[in-house]
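Below is one structure, written out as structure tokens; comments come after it.
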Amino acid sequence: MTTQEFINTLLARAKSAGFSAAEAHYVERDSFAVRVQDGEIDNYAVNKTRSISFRGIYQGKMGNAASEALDEAAIDLLVDLAKENAMLIEDEAEQFIFAGSESYQTVNCYEPELEKITPEEKIAFARELEKVTLAADPRVAQVQNCAVTSGSSQEIIANSTGLYLSHQANQITAGVVPVVREAGMAANERASKTTRNFAELDAPALAAKAVQKSLRALGGEPIPSALVDVVLEPEIAASLLSSFSSIFSADAAQKGRSLYKGKVGEMVAAPCLTLKDDPLMPEGFSSRPFDSEGVAVQTKEVIQAGRLTTLLHNLQTAAKDGVASTGNAASGGRASIAPFNFYITAAEPGTEKSKEELYAAVGEGLLVTRFDGMNAGVNPISGDFSLSTKGVRIQNGKLTTPVAQVTLAGNFYNLLQQVAAVGDDLTFNSPSMASFGCPSLLVKGLSIAGK
Amino acid sequence: MIAKALAEEALKVALSSGGDFAEIFCEDSRSNNLNLIAGKLETAQSRRSYGVGIRIFQGTRTVYAYSNDMERASLLDCARQAAAALGSAQTHPQEITLTPSKAAPLHLAKVIPWSVSGAKKVAKLKDAHLAAMSVSSEIAQVQVSLMENDQNILIANSEGLYVSDYRVRTRLSAQVVASNGKENQTGFAAPGASMGFEIFDTMIDPAVVGAQAAHSAVTMLHAPLCPAGMMPVVIEKDFGGVIFHEACGHSLEATSVARGNSVFSGKLGQVIASPLLTAVDEGLMPYGWGSTTIDDEGMTTGYTVLIDKGVLTGYLIDRLGSRRMGMPRTGSGRRQSYQYAPTSRMRNTYIYPGEDDEEEMIATMGDGLFAKDMGGGSVNPVTGEFNFAVREAYLVKDGKIAHAVRGASLIGKGSEIIKKIDRVGRIVGHGPGMCGSASGSVPANCGQPRIRVSEITVGGRQG
């Protein structure tokens with residue numbers, strides 16, 4: 001059975017089982033990974049998976065079921081399970097199977113040229129990356145991890161209203177983690193690059209970045225506990241934004257899980273910053289023309305010069321609030337709303353500061369270069385965070401000695417108001433579920449726990 | 001899933017390019033997730049995962065390939081691709097003869113999840129919801145979830161193994177938000193075990209779970225911020241064991257140890273911890289959240305003493321780690337699903353009971369912190385630096401519990417912290433968690449008696 005036949009049969013079977021509307025979301029992925037160690041291939045993986053998520057409205061309630069087996073038996077299983085699940089639902093909120101937006105913008109997320117890169121070329125790159133990393137500095141004792149991964153995906157949304165949308169994407173990532181050692185001390189920091197153009201992967205540049213980051217962390221010592229001003233490096237600030245992105249979900253607000261409930265139109269952040277979601281960014285790794293409900297995506301400012309201008313909506317939360325969906329429906333269970341390419345930028349172009357200007361403005365404080373424990377040390381409902389932190393001390397407006405074994409604590413809602421200046425170095429992190437970006441941020445008054 | 005003859009054929013293909021060991025892991029698993037919000041069932045989701053992973057070794061080089069398709073042609077193609085990735089050498093492997101066996105079950109789920117009506121499950125969720133709501137008028141939101149899954153696996157390898165196993169796990173979780181309109185605080189409780197629906201007869205009372213999470217949320221809403229700095233910390237039994245899991249456990253996994261990356265590499269037989277500390281990792285605990293009859297490489301799991309009275313006695317070793325280290329496997333090869341090659345992972349990890357009095361260790365600690373309920377954490381095995389979040393903490397003043405504090409985290413270096421354990425209590429408890437690492441997210445139990453660490457950095461928000 002082809003994918004097309006499978007989807008058609010599934011939707012037809014749903015109709016005869018009594019679903020008033022139904023939708024299939026099909027995802028196919030190919031992935032490749034190679035890891036090298038001491039010039040040899042240490043691990044090599046080639047994978048192909050496909051899965052189908054089915055949802056349908058039965059007696060006004062939405063039922064869900066998903067399967068990785070795509071055979072005749074799976075069709076009945078999906079329809080039966082979704083029906084059983086629908087019959088358990090008590091929530092009365094209106095459910096939507098979407099008939100389609102008027103138009104969809106095109107955004108190219110698939111480079112056919114990338115698919116022509118052979119496994120041998122990727123392996124050769126990984127070997128080269130390991131070699132130049134080992135040679136970059138005498139203190140590089142070994143390479144902990146050196147890998148090239150690539151993947152492509154194809155996605156189809158088809159539903160009983162006749163909507164049929166498809167989207168293709170691919171990318172390649174190279175990453176390296178050296179271990180640097182000196183006088184009994186060790187440090188290991190990662191550098192990676194994701195692109196759709198293989199020629200953009202630059203082994204010496206990546207090696208230099210990873211080694212420089214690791215050397216900078218070598219021999220970090222705690223500093224005394226205090227309230228300090230900090231500069232968050234772009235990747236660090238972006239990872240914090242990622243951890244707290246759910247506070248911008250209208251679903252979270254409606255359920256009292258975000259303090260932004262009823263706050264649209266109010267000042268919630270420092271006037272110097274703007275927060276955007278741009279799903280149509282040409283070079284974005286989470287770009288796409290439609291969300292997981294099939295609604296056309298749109299570029300919008302979520303915070304404009306400190307003012308909350310909108311929350312992120314899907315069809316259901318938009319209906320509850322009497323607004324239009326922002327096209328931010330995400331697939332998969334409870335994370336029903338998510339941004340795509342979500343980033344902080346200066347509210348006024350031209351007000352961005354260089355790194356040196358930010359350090360000078362801090363005077364005495366800390367440059368934060370790494371957080372650990374993002375899986376546990378952040379609470380998106382309260383906004384509280386308390387994270388194991390590494391960095392470099394700022395004294396007299398200049399970077400001085402490495403800092404480790406301290407925690408940095410604060411509250412993300414407050415942090416957005418404590419931003420005093422925005423850097424000129426917007427950087428996007430390697431995409432996971434979505435892409436998050438940030439420039440360096442100068443944040444006033446966060447708590448350091450150390451000596 | 002995959003018939004013996006086809007497995008034999010695929011393994012032979014996998015070894016056709018110079019590999020010296022090949023393994024097939026097939027999985028057909030099902031999960032159900034019910035989510036009750038504000039007293040109403042809002043989402044119900046079911047998922048079936050289905051696929052096969054093929055792994056080939058040549059010395060310590062490995063290739064892994066997986067696919068959703070278990071049909072003969074696809075499986076052989078997957079094996080051929082994996083073999084081609086290893087090299088172009090044409091070798092003619094011997095015929096492989098598999099001997100079927102079934103893992104002798106450690107424990108059996110009595111009521112498999114799919115035999116119970118949805119209505120009965122929803123009723124359990126509502127019990128938790130009602131209990132949580134009745135705790136305080138400050139309870140703003142209650143979310144209760146039931147997660148059930150089963151996993152049918154089959155492992156075949158070129159050493160002749162052809163073994164199947166069936167695993168069932170059930171977990172109830174309650175997350176409660178307490179609010180005063182300006183601030184939100186959360187409480188969380190989530191017991192689980194390798195059991196079916198009978199878990200509600202023997203182990204979980206949903207009302208207790210809901211109330212526990214609600215009490216924690218309300219307590220935190222009224223708690224001032226935790227002070228920051230170095231201080232003695234008493235860590236409660238049960239999931240408090242996550243401190244050992246992060247501070248030490250990950251650094252004893254072959255993945256870290258084999259390449260000399262771990263701070264504990266090459267230290268077997270040496271004193272690395274307080275003489276009060278004995279710690280084990282075992283897969284055998286009946287109904288344990290992290291238990292498996294066989295590991296994901298088909299080996300019967302065991303009981304591994306990691307630290308005996310402060311002396312390092314063992315590592316957690318999977319098949320690849322065993323080759324790299326020249327040491328026997330410990331039944332510790334685990335993976336989230338067929339989409340991951342297995343690596344060395346923890347199962348049920350806990351600190352062994354000691355002889356210290358649970359009350360005395362607080363009474364004699366002076367000023368410090370009592371960490372009653374822990375969140376998760378992480379560790380960098382190269383430096384040994386770990387961190388974890390404290391969900392519910394109390395400030396201790398002059399040996400007496402003074403009041404709750406919010407927003408605490410603990411950080412340190414594993415190798416230093418385990419030397420500073422100066423009290424180990426008598427009663428061990430366990431708590432379930434999900435542990436993330438190279439081979440994905442796997443269920444792992446953390447346990448310990450109440451312990452005291454003489455000095456640790458507490459991350460808080462007041463200088």
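Chains as they are written, first to last, in this note's numbering: chain U, 1 to 451; chain E, 1 to 463. The beta-carbon is built from N, C-alpha and C at its ideal position, and this holds for glycine as well. Note that the structure is a prediction, hence the values are computed from the model and not measured.
Practice task
Output, in chain order, the set of chain U residues within a Cβ distance shorter than 8 Å of G118 (chain E).
Solution key: As a first step, residue 118 (chain E) must be located in the second sequence, where it is residue number 118. Result: E84, N85, M87, L88.
Exercise for the section: Return the bridge partner residues of E23 (chain U) from the DSSP annotation. Expected result: In the first sequence, the residue the question calls residue 23 (chain U) occupies position 23. DSSP lists U:R55, U:N159 as partners of E23 (chain U).
Handout entry: Chain-order list of residues whose beta-carbon lies under 6 Å from that of N184 (chain E) (same chain, five-residue window excluded)
Key = Along the second sequence, read from residue 1 onward, the residue named residue 184 (chain E) stands at position 184. Correct list, in chain order: V177.
Practice task
Could you tell me the distance, in whole angstroms, from the CA atom of G63 (chain U) to the CA atom of E23 (chain U)?
Solution key: Residue 63 (chain U) sits at position 63 when you count from the first residue of the first sequence. Residue 23 (chain U) sits at position 23 when you count from the first residue of the first sequence. If you take the alpha carbons of G63 (chain U) and E23 (chain U), they lie about 11 Å apart.
Exercise for the section: Kindly indicate if chain E contains any beta-carbon less than 8 Å away from that of R334 (chain U). Expected result: Working through the first sequence from its first residue, we reach residue 334 (chain U) at position 334. Reliability fails at R334 (chain U), whose pLDDT of 46 lies under 50, so the model's placement of it is uncertain and the value that follows must be treated cautiously. Interface residue, yes.
Exercise for the section: Return the CA-CA distance between I494 (chain U) and A12 (chain U), expressed in angstroms with no decimal places. Expected result: Outside the displayed span of chain U (1 to 451) sits residue 494 (chain U), for which this structure offers no information.
Problem - Element boundaries [alpha helix (DSSP H), containing T9 (chain U)] - result: Residue 9 (chain U) sits at position 9 when you count from the first residue of the first sequence. From DSSP, the alpha helix (DSSP H) with T9 (chain U) extends over 3-16.
Problem - alpha helix (DSSP H) segment containing M361 (chain E), residue limits - result: Within the second sequence, numbered from 1, the residue matching residue 361 (chain E) stands at position 361. M361 (chain E) -> alpha helix (DSSP H) spans 360-363.
Exercise for the section: Pull up the CB-CB distance for S322 (chain E) and P328 (chain E), whole angstroms please, since I reckon it's below 8 Å. Expected result: Taking the second sequence and counting its residues from 1, the one referred to as residue 322 (chain E) is at position 322. Taking the second sequence and counting its residues from 1, the one referred to as residue 328 (chain E) is at position 328. Contact holds; Cβ gap of about 6 Å.
Problem - C78 (chain E), DSSP secondary structure in three states - result: By 1-based counting over the second sequence, the position of residue 78 (chain E) is 78. Helix.
Problem - Runs of beta strand (DSSP E) wholly within the segment 342-402 of chain E (minimum 3 residues, chain order) - result: 348-351, 368-380, 385-397
Practice task
Determine the closest residue to M195 (chain E) out of E:Q81, E:I112, E:N261, E:V390, with distance taken between C-alpha atoms.
Solution key: Position 195 of the second sequence, counting from 1, holds the residue named residue 195 (chain E). Ranking the options by Cα distance to M195 (chain E), first place goes to E:I112.
Exercise for the section: Could you confirm whether any beta carbon from chain U is found closer than 8 Å to the beta carbon of K309 (chain E)? Expected result: Position 309 of the second sequence, counted from the start, is the residue given in the question as residue 309 (chain E). With 8 Å as the cut-off, K309 (chain E) does not count as an interface residue toward chain U.
Practice task
Below 7 Å between beta carbons is the criterion; list the residues of the segment 37-59 of chain U that meet it against any residue of chain E, in chain order.
Solution key: E40, I41, D42, N43, Y44, A45, V46, N47, K48, T49, R50
Problem - Interfacial residues, the segment 83-100 of chain E to chain U, with Cβ spacing under 7 Å - result: A85
Exercise for the section: Can you check DSSP and say which residues form a bridge with D372 (chain U)? Expected result: To locate residue 372 (chain U), count along the first sequence from 1; it is residue 372. According to DSSP, D372 (chain U) bridges with U:S388.
Exercise for the section: Closer than 9 Å by beta-carbon distance: list the chain U residues that pair up with G460 (chain E), in chain order. Expected result: Position 460 of the second sequence, counting from 1, holds the residue named residue 460 (chain E). Correct list: S225, S386, T407, A409, S447, A449.
Practice task
Quick one: measure Cβ to Cβ for G399 (chain E) and G433 (chain E), integer angstroms, because I've assumed they're closer than 8 Å.
Solution key: As a first step, residue 399 (chain E) must be located in the second sequence, where it is residue number 399. As a first step, residue 433 (chain E) must be located in the second sequence, where it is residue number 433. About 31 Å; that fails the 8 Å criterion.
Problem - Contact list for the segment 241-272 of chain U against chain E, Cβ threshold 9 Å - result: K255, G256, R257, S258, L259
Practice task
Starting from the Cα of D77 (chain E), find the closest Cα among E:V52, E:W289, E:V442 and give me that residue.
Solution key: In the second sequence, counting from the first residue as 1, residue 77 (chain E) sits at position 77. Looking at the Cα atoms, E:V52 is the closest of the given residues.
Practice task
Have a look at I417 (chain E) and A207 (chain E) and give me their C-alpha separation to the nearest angstrom.
Solution key: One-based indexing of the second sequence puts residue 417 (chain E) at position 417. One-based indexing of the second sequence puts residue 207 (chain E) at position 207. Computed Cα separation, rounded: 37 Å.
Practice task
For R461 (chain E), I'd like the list of residues in its chain whose CB is within less than 6 Å of its CB, leaving aside the five on either flank, ordered along the chain.
Solution key: Within the second sequence, residue 461 (chain E) is the residue found at index 461, counting from 1. Correct list, in chain order: L225, G407.
Problem - Status (buried if at least 16 other CB within 10 Å, exposed otherwise) for Q175 (chain E) - result: Here residue 175 (chain E) is taken as the residue at index 175 of the second sequence, counted from 1. Burial call: buried.
Exercise for the section: Just the C-alpha distance for I204 (chain E) and Y350 (chain E), rounded to the nearest angstrom, thanks. Expected result: For this step, residue 204 (chain E) is matched to residue 204 along the second sequence. For this step, residue 350 (chain E) is matched to residue 350 along the second sequence. Distance between the alpha carbons of I204 (chain E) and Y350 (chain E): 21 Å.
Exercise for the section: Tell me whether T464 (chain E) sits in a helix, a strand or coil according to DSSP, three-state version. Expected result: In the structure as shown, chain E begins at 1 and stops at 463. Residue 464 (chain E) is therefore absent and cannot be evaluated.
Practice task
Could you list which residues in chain U have their beta carbon closer than 8 Å to that of Y50 (chain E), in chain order?
Solution key: Taking the second sequence and counting its residues from 1, the one referred to as residue 50 (chain E) is at position 50. Within 8 Å Cβ-Cβ: S67, E68, A69.
Practice task
Report yes or no: is there a C-beta of chain U within less than 8 Å of the C-beta of I2 (chain E)?
Solution key: The residue labelled residue 2 (chain E) in the question sits at position 2 within the second sequence. It does not; no Cβ of chain U falls within 8 Å.
Problem - 7 Å Cβ shell around E352 (chain U) - same chain, five flanking residues per side excluded - result: Position 352 of the first sequence, counting from 1, holds the residue named residue 352 (chain U). So the list reads A346, V422, G423, D424, P439, once near-sequence residues are dropped.
Exercise for the section: Keeping to the same chain, check which residues put their C-beta closer than 8 Å to that of P275 (chain E); ignore five residues upstream and five downstream. Expected result: If you number the second sequence from 1, residue 275 (chain E) lands on position 275. Closer than 8 Å at the Cβ level, and outside the excluded window around P275 (chain E), lie K309, G310.
Practice task
Kindly list, in the order they appear in chain U, the residues whose Cβ is closer than 7 Å to that of G229 (chain E).
Solution key: For the purposes of this step, residue 229 (chain E) is identified with residue 229 of the second sequence, where counting begins at 1. Result: S225, A449.
Practice task
Note the first and the last residue of the continuous beta strand (DSSP E) segment covering G445 (chain U).
Solution key: Within the first sequence, residue 445 (chain U) is the residue found at index 445, counting from 1. Run containing G445 (chain U): 441-449, per the beta strand (DSSP E) assignment.
Handout entry: Where R167 (chain E) meets chain U, residues with beta-carbon distance less than 9 Å
Key = Numbered from its first residue, the second sequence carries residue 167 (chain E) at position 167. Those do not exist, as R167 (chain E) stays about 18 Å from chain U at its closest Cβ, beyond 9 Å.
Problem - Residues near Q81 (chain E) by beta carbon distance below 7 Å, same chain, minus five either side - result: Along the second sequence, read from residue 1 onward, the residue named residue 81 (chain E) stands at position 81. Result list for Q81 (chain E): A65, in chain order.
Problem - Residue nearest to M1 (chain E) in terms of C-alpha spacing, selected from E:Q45, E:A193, E:A44, E:D69 - result: The sequence position of residue 1 (chain E) within the second sequence is 1, counting from 1. Closest by alpha carbon: E:D69.
Practice task
Spatial neighbours of Y340 (chain E) within its chain, please: CB distance less than 6 Å, with the 5 preceding and 5 following residues excluded, ordered by chain position.
Solution key: By 1-based counting over the second sequence, the position of residue 340 (chain E) is 340. S439, G440, listed in sequence order.
Handout entry: DSSP-derived helix/strand/coil call for I123 (chain U)
Key = Residue numbering aside, residue 123 (chain U) sits at position 123 when the first sequence is read from its first letter. Here I123 (chain U) sits in helix by DSSP.
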